[in-house]
Every structure is written in C-alpha cells, then in structure tokens.
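Before any comments, here is the structure.
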Amino acid sequence: PDTLEKMGSLPKLMINLDMVGRLRDSVLQVGGTGTFQAADSLLGTHLVPSLPLLLKKSESGYGPSDHSVFYRSGVPVLFFSTLPHTDYHTPFDTPDRINYQGMAAIVTYVTAVARAVVVEGFEPDYRETMDTTKIPGQIRFKASLGVIPDFAYEGEGFCAGTIIKGRPSHKAGMQDGDVVLQIDQQPVKDIESYMEMLGRLEVGQIIHITIRRNGQIIQLKVQL
3 PDTLEKMGSL
13 PKLMINLDMV
23 GRLRDSVLQV
33 GGTGTFQAAD
43 SLLGTHLVPS
53 LPLLLKKSES
63 GYGPSDHSVF
73 YRSGVPVLFF
83 STLPHTDYHT
93 PFDTPDRINY
103 QGMAAIVTYV
113 TAVARAVVVE
123 GFEPDYRETM
133 DTTKIPGQIR
143 FKASLGVIPD
153 FAYEGEGFCA
163 GTIIKGRPSH
173 KAGMQDGDVV
183 LQIDQQPVKD
193 IESYMEMLGR
203 LEVGQIIHIT
213 IRRNGQIIQL
223 KVQL
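Per this note's numbering, the sequence shown runs over residues 3 to 226.
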C-alpha cells in the first residue's frame with residue numbers, strides 16, 4: 003500500500019480472501035466489519051438464501067493476513083476466511099480435502115459484495131478498531147498447548163479455534179471453541195495475556211486451566 007499511497011491510488015476497500023477452501027458447517031469468518039460504518043448492511047444485503055453461508059463477524063481490521071497493512075494505511079477492509087484446521091502447513095492439506103462447493107459459494111458471495119463497491123458506487127468510511135490480535139514480539143515459547151487461536155473471537159478470555167490432536171490441550175480434554183478464562187488461577191483477559199502467560203511456561207510443567215464450554219465452567223489439568 004505504500005506505493006499505492008504515493009500514487010494517490012489507495013483503494014476504497016481492501017477485500018482479502020485467505021484460506022477459504024475448508025468451509026465447515028457453513029461458517030464463513032468475516033473480519034473488518036467495524037472498519038467502516040455500513041459493513042453489516044453491505045454484507046447482509048448480498049447474503050441471499052441460496053448461498054449456504056453463516057457469517058461469523060469480528061470488527062477488528064487487524065489480523066494475521068495481508069489486509070492488516072492496508073488497514074494501517076487508512077483503508078477499510080473485509081477479511082474472508084474459513085475456520086482454522088489442523089492440516090494447515092502439513093502434507094495432509096491436499097486437494098481432496100477442499101470443499102469446492104463451499105468455496106464456490108464464498109466466491110459468489112464476495113463477488114457480489116465487491117461489485118456493490120465498484121459498480122454501485124458504495125463509499126465505505128474508514129473507522130478505527132481495536133487491535134485484538136497484537137502478540138508481543140519478544141516472547142519465546144518453550145512450551146505449547148497445541149491450540150490454533152480463533153482470531154475472530156472478541157470476548158473475554160482466549161478462544162481455542164482448533165485443538166491439535168495429540169498435543170497437550172487435546173490430551174487434557176480441551177475441545178474446539180473452548181474459551182480459556184484462567185491459567186493457574188491467573189485471569190486470561192485476551193489473546194495477548196494468554197501469549198504472555200504461555201511464554202513463562204516450561205515443557206513438562208503441569209498447569210491448571212479454567213475454561214468455558216457451552217456456558218459451563220470446567221477445570222482441566224494440562225501437562226505441557
């Protein structure tokens with residue numbers, strides 16, 4: 003975006019599709035809904051009944067993908083992605099596991115959204131949002147729970163998007179969607195505080211975590 007900015011050619015809206023081949027349970031993650039005023043209206047207008055999609059929205063314009071740098075340059079963004087999966091960056095992420103019908107539905111939907119901006123003259127107005135994905139850069143992790151974060155989660159605590167099989171979290175009984183509220187009785191406010199706590203833990207250490215699952219509070223013991 004630096005070059006585009008120098009040319010005076012920054013886009014009205016940056017639309018980013020990143021990892022949209024694994025649609026499950028019709029859930030499409032949409033980030034950036036708080037980066038311009040009429041985002042909800044724009045997204046809702048083009049979500050027609052024939053498209054098997056359920057939107058999981060988050061307001062933040064930041065995130066672990068290419069749209070974030072555009073947002074930092076003052077461009078409203080929409081970030082479309084299917085949920086994390088355990089095959090990511092492994093040899094098991096093969097073409098036969100792609101949901102082609104789901105991917106086609108996503109492309110149809112996002113094309114309609116983009117057309118509304120380009121053809122129909124929609125003018126998004128930039129808004130500031132909180133950076134909910136900021137992770138301290140100096141942390142060096144010795145231990146890991148084996149969890150892929152749900153970056154769209156904006157509530158209290160840290161939401162485990164995907165539990166990796168065979169890792170400490172899985173062995174302790176954690177499930178996808180569990181929200182970590184405490185580690186050794188210390189409150190976990192968000193993903194940043196979770197990462198800070200994780201950076202202090204050692205391999206082999208036993209910790210006690212408090213999670214929320216479907217409205218229930220559960221205590222688990224985890225060996226890292």
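Heads up, the beta-carbon is just placed ideally off N, CA and C, and yes, glycines get one too. These figures come from a predicted structure and were not determined experimentally.
{"query": "Backbone CA spacing between R169 and L226 [nearest angstrom]", "result": "8 Å"}
{"query": "Cβ-Cβ distance between A114 and E204 below 7 Å", "result": "no"}
{"query": "Residues near G23 in its chain [Cβ-Cβ closer than 6 Å; skip 5 each side]", "result": "I100 and M105"}
{"query": "Nonlocal neighbours in the same chain, by C-beta distance under 7 Å from S28, ignoring five residues either side", "result": "P54, L55 and L56"}
{"query": "When G175, Y111, F124 and G179 are compared against H48, the one with the closest alpha-carbon", "result": "Y111"}
{"query": "Among L25, K191 and G148, the one whose alpha carbon lies nearest that of A107", "result": "L25"}
{"query": "Residue of R202, G206, Q221 and M199 minimising C-alpha distance to D180", "result": "Q221"}
{"query": "Presumed contact (8 Å Cβ cut-off) between P86 and G163, rounded CB distance", "result": "5 Å"}
{"query": "Whether F81 touches G148 by CB criterion (7 Å)", "result": "no"}
{"query": "Per DSSP, the bridge partner or partners of G163", "result": "DSSP, once it has assigned bridges, lists no residue as partnering G163."}
{"query": "With 16 other Cβ atoms within 10 Å as the buried cut-off, status of M60", "result": "Sequence inspection shows Ser at residue 60; the Met mentioned does not correspond to that position. It counts as buried."}
{"query": "Host beta strand (DSSP E) of K221 (start-end)", "result": "For clarity, residue 221 is Gln in the given sequence; the question names Lys instead. Taken as a continuous stretch (DSSP letters only), the beta strand (DSSP E) holding Q221 covers Q218 to Q225."}
{"query": "Beta carbon of V182 nearer than 7 Å to that of I219", "result": "no"}
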